[in-house]
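Encoded as structure tokens, the structure appears first; notes follow it.
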Amino acid sequence: MTRETDDSTRLVAKMLGIELHEMPKASCCGAGLLTDYDYPLYIALNARIFAEAEAMGMDILTICSTCLMVMSTANRDLKRDPKLLDETNGVLSRTGLGYSGKVEVKQLLWVLAGDYGLENLKRQVKRPLHWIKAAPFYGCHSLRPSDALGFDDPEKPWSLEATIKALGAEPVEYRGKTKCCGFQVDLVAEKTAEKMTAVRLLDGKSKGANCFVTPCPFCHINLDNYQRLAEKTVDKKIEMPVFHLSQLVGLALGLTPGALGLGRHLVSPEKVVR
Amino acid sequence: MKIKFLIRRYNPADGEAPEPYYQAYSVEVSEGMTVLEALLKISEEEDPTLSFRRSCRSAICGSCAMTVNGFARLTCSLQVLPEYKKMGEMTIEPLANHRPIKDLVVDMEPFWSKIDKASPFLTPTEESINNPVTTEAQALIDDSQRCIMCGCCNAECNSLEIDGHFIGPAASAKAWRFVGDVREGQQGRRLAKLSEEHGVWDCVRCIHCSQYCPKDVKPLKQIELLRSAAMRHGILDNPGAKHVDAMADSVERVGRLDEAAMTFKTLGFLRSIGMIPMGIKLELHGKMPHPYLIPQIEKIDEVRKIYGEMDRKAGRKPRKKEE
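Just so you know, the protein sequences line up as chains Y and Z, in that order.
Going by the working numbering, the first residue of the first sequence is number 8, and it counts up by one from there.
Going by the working numbering, the first residue of the second sequence is number 17, and it counts up by one from there.
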């Protein structure tokens, strides 16, 4: 649903000199749902993804926070529990695969704020976004469980705010930035999902944000695609443009709204793009 | 070191100031001092009107849970200095998602009624009562048994923040304590009840409960175990289980998340029709997911082999293939 995340990430990576390699065999991580279905199956399918990366001699970059959380949690369990790793490898060996436990999983935000470095990013900015007041929306799965993720601090995260600043924009402080968008129950408990989305958007809006930015495409689905439903639930106009992290970076690097797929958003970001 | 504590005060019986307000106290804090010790110091030396619950001071009784700098913490096991150093402030409020009664004391009644709903006692049959509790059987429910009912998880629960009727993480973990017990005899009845509206499928997987549980009960893990058990018991006629089932199907079929097929399978025919206006908006923005058009991943046979192997291990019937 959010192909523009993929497109804009590839463009931005290319401009920054970050080389991406496809993983054509990688399956869906299960998004947490396969964890509910059958834990050993979830672990084995994710170990198969890690095995592919290991064979490529690379770590994994994902553009989705839920993939990040689901894969990192599986990776944590496999690294922590030699018996689980052993049993999982027993299953993988039926397909001629194996995983030794050496792969790391990262998301774009961490690569920018960590590996690439925000000083380097700053140097690449062609058009500082000084008119943008962005509410950083981490979403749950960039921050928790912290014993599986580890990069940022779940109570006092910094990476998204620091990235926004590096792009010349101003981050807005609000309580909901580390909370949930409701995506996981969109089809299960719609009222909860819609109201949650509305509460988060209104929270950031009340603190003066003129847009939201999120590293997670699932959060984007709720904050943008479902914003009209959220408005109906609370009977309030919200009208809040929401950027994927890669799009905000792309704007600062001088990419056009068209190239970044901003026209695909349901809430038009036109008024904050210039 | 002197540290400013900003504490939310509230006394509805106070005729002059019945509304909540924040009061600052300056506390001399020593190395190793806990937040609870600082509160006791305030109440003993400065302001005896400050109300809060506490008892054991050893992270056993579960009385002293509060919101510290925005997150639910057991104040007797949280030291002031590292917390202050990290957060740059020391703001104490009552537990979120609970009605404050006075100052930092909240009404725990809804918490207990949720626990009650989970029937927190064994209901064995004449046969099941004789099942031996082996070390392995015990390990299944170990995490859930560590709960001290402090309320941190319910206070942090994002689903409960929005829907007060949601069963919540504490009662879910308690439910697994009994569903997962080898001596229990009513698993099916319990799981059917837990699968109803506002039950375990309404969890939004925000992971706050497991992150902030001071006893590492991992409530989300227990919710996942309940969901798996419910599906194994054939309790599939609800949106949550259908959604998971659709995912299991989608990954085995194409290796990917087939958004359109999953929506249809979760909602069913009638509710999917309700999604048409939304679908048209999505289509206009090039966002409408089209079912059964997404390409398979490479080597999908490996994924299917893993499914087959895991079906065999779990004693599960292989899924029907829709080719």
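Cβ atoms here follow ideal geometry from the backbone N, Cα and C, with glycine treated the same way.
These figures come from a predicted structure and were not determined experimentally.
| Asked | Found |
| --- | --- |
| Chain-order list of residues whose beta-carbon lies under 7 Å from that of Y/A215 (same chain, five-residue window excluded) | Looking at the sequence shown, residue 215 of chain Y is not Ala but Gly. For Y/G215, where only same-chain residues beyond five positions count, the Cβ hits under 7 Å are K140, V179. |
| Beta carbon proximity, Z/M326 to chain Y, threshold 7 Å | yes |
| Beta-carbon contacts of Z/A9 that lie in its chain and below 6 Å, excluding the five residues immediately before and after | Because chain Z is modelled from 17 through 339, residue 9 of chain Z falls outside the range shown and cannot be assessed. |
| Beta-carbon separation (whole angstroms), Y/S149 vs Y/L68, contact threshold 8 Å | Going by Cβ atoms, the distance from Y/S149 to Y/L68 rounds to 14 Å, so no, they are not a contact pair. |
| Euclidean distance between Cα positions of Y/D210 and Y/F219 | 11 Å |
| Stretch pair the stretch 121–133 of chain Y + the stretch 70–88 of chain Z: three plus CB contacts closer than 8 Å | no |
| Partners in chain Y for Z/H301, counting only beta-carbon separations shorter than 8 Å | G270, R271, H272, L273 |
| Exposed unless 16 or more other CB atoms sit within 10 angstroms - verdict on Z/N174 | buried |
| Z/A171 beta carbon less than 7 Å from that of Z/V233 | no |
| Straight-line gap, Z/I344 to Z/S144 (C-alpha atoms, nearest Å) | Only positions 17 to 339 of chain Z appear in the structure, and residue 344 of chain Z is not among them; the question remains open. |
| Residues bridged to Z/F87 (per DSSP) | Z/V84 |
| Exposure of Z/E53, with buried meaning 16 or more beta-carbon neighbours within 10 Å | buried |
| Z/E6 vs Z/P230 beta-carbon contact at 7 Å | Absent from the structure is residue 6 of chain Z, since the part of chain Z shown begins at 17 and ends at 339. |
| The stretch 238–254 of chain Z: positions lying closer than 7 Å to chain Y by Cβ | E240, R243, S244, M247 |
| Residue-level contact to chain Z via CB, Y/G189, 7 Å cutoff | yes |
| Range of the contiguous beta strand (DSSP E) that encloses Y/V112 | 112–114 |
| Below-7 Å beta-carbon distance, Y/T170 vs any chain Z residue | no |
| Counted within 10 angstroms of its Cβ, other Cβ atoms place Z/G250 as buried (16 or more) or exposed | exposed |
| Contact check, Z/K130 vs Z/G184, beta carbons under 7 Å | yes |
| Interface partners of Y/V206 on chain Z, CB under 9 Å | E177, I178 |
| Secondary structure of Z/E152, DSSP reduced to three states | helix |
| Z/L138, DSSP secondary structure in three states | coil |
| Identity of the residue in Y/P47, Y/L260, Y/L115, Y/A51 nearest Y/V27 by Cα | Here residue 27 of chain Y is Leu; the residue named in the question, Val, does not match the sequence. Ranking the options by Cα distance to Y/L27, first place goes to Y/L115. |
| Option nearest Y/W283 by Cα separation, candidates Y/C187, Y/D154, Y/A155, Y/A142 | Only positions 8 to 281 of chain Y appear in the structure, and residue 283 of chain Y is not among them; the question remains open. |
| Listed by chain order, chain Z residues near Y/G39 by CB distance under 7 Å | R221 |
| Beta-carbon contacts of Z/R162 that lie in its chain and below 8 Å, excluding the five residues immediately before and after | K231, D232, V233 |
| Opposing strand residues paired with Y/C218 [DSSP bridges] | Y/A141 |
| Span of the alpha helix (DSSP H), counted from its first residue to its last, around Y/T73 | 72–87 |
| Short CB-CB distance (under 7 Å) between Z/K340 and chain Y | This structure leaves residue 340 of chain Z out entirely; chain Z is present only between 17 and 339. |
| Y/P47 - DSSP class collapsed to helix/strand/coil | helix |
| Under 9 Å (Cβ pairs) to chain Z, residues found in the stretch 102–120 of chain Y | T102, G103, L104 |
| Exposed unless 16 or more other CB atoms sit within 10 angstroms - verdict on Z/Q312 | exposed |
| Y/Q191 classed as buried or exposed, judged by whether at least 16 other C-beta atoms fall within 10 angstroms | buried |
| Three-state class that DSSP yields for Z/V121 in the structure shown | strand |
| Beta-carbon proximity of Z/K18 to Z/S46, cut-off 7 Å | no |
| Beta-carbon spacing of Z/I157, Z/G196 below 7 Å | yes |
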